[in-house]
Amino acid sequence: AQRVVSGGADAELRVWSLNTQKNAEPLSFVGSLPKAGRGRVGGLSFCGAGRFLLCQTLDKNVQVFRLRAREEAVRRMKRRLKRSKDVNDADEPEDDAAKKAAAIPTAVDEMQAISIFSASAKVRAAAAVVVLAK
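Numbering (the working numbering), first residue to last: 8 to 141.
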């Protein structure tokens with residue numbers, strides 16, 4: 008699925024799904040992703056054939072996120088749901104609509120923060136070249 012990411016002055020990035028169907032809304036909200044630092048987002052860039060997201064902030068930081076494969080995101084979602092189920096009371100019945108809504112991977116399931124770089128001066132632009140070992 009194609010993703011659009013937006014950021015502002017708060018501590019979260021918002022992830023949207025780009026819908027290409029004719030009668031559907033062009034964007035649907037996937038979820039929020041916490042970012043490191045308090046600085047306003049200065050730029051967002053996908054690199055490495057869309058496998059990585061760079062988040063440049065105005066407080067001299069660049070944070071790198073790795074986009075998980077669909078299967079990996081689903082496994083992460085299942086683990087997250089199992090942990091939350093273990094924490095919640097087992098006595099409370101869950102309705103089917105809540106189960107179906109929870110069965111879609113969120114932004115936290117799809118993206119993993121892997122690194123943050125702090126520069127000594129303001130970062131004007133962020134780009135990356137990814138070399139993958141075969």
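In this text, a Cβ means the ideal position worked out from N, Cα and C, and glycines have one as well.
If T27 sits next to G46, beta carbons under 8 Å apart, how far is it from one beta carbon to the other, in whole angstroms?
-> Not confirmed; about 33 Å, so no contact.
Would you list the residues sitting across from R118 in a DSSP beta bridge?
-> Per the sequence presented here, residue 118 reads as Met, with Arg not at that position. Per DSSP, the beta bridge partners of M118 are L74.
Bridge-paired residues (DSSP) for G57 | G57 is not bridged to any residue.
Give the range of the beta strand (DSSP E) segment to which E19 is assigned.
-> Its beta strand (DSSP E) spans residues E19 to L25.
R47 - containing beta strand (DSSP E), residue span = Segment: none, R47 is in no beta strand (DSSP E) and carries neither H nor E.
Can you tell me whether D17 is buried or exposed, with buried defined as 16 or more other CB within 10 angstroms of its CB?
-> Under a 10 Å Cβ-count criterion, D17 is classified as exposed, with fewer than 16 other Cβ atoms of the shown protein chains found around its own Cβ.
Own chain residues within Cβ distance below 8 Å of V118, not counting five before or after = Val is not the amino acid found at residue 118; the sequence shown has Met there. Same-chain partners within the cutoff: V22, L40, L60, F72, R73, L74 and R75.
Where do the ends of the beta strand (DSSP E) carrying P33 lie?
-> Here P33 belongs to no beta strand (DSSP E), and DSSP marks it neither H nor E.
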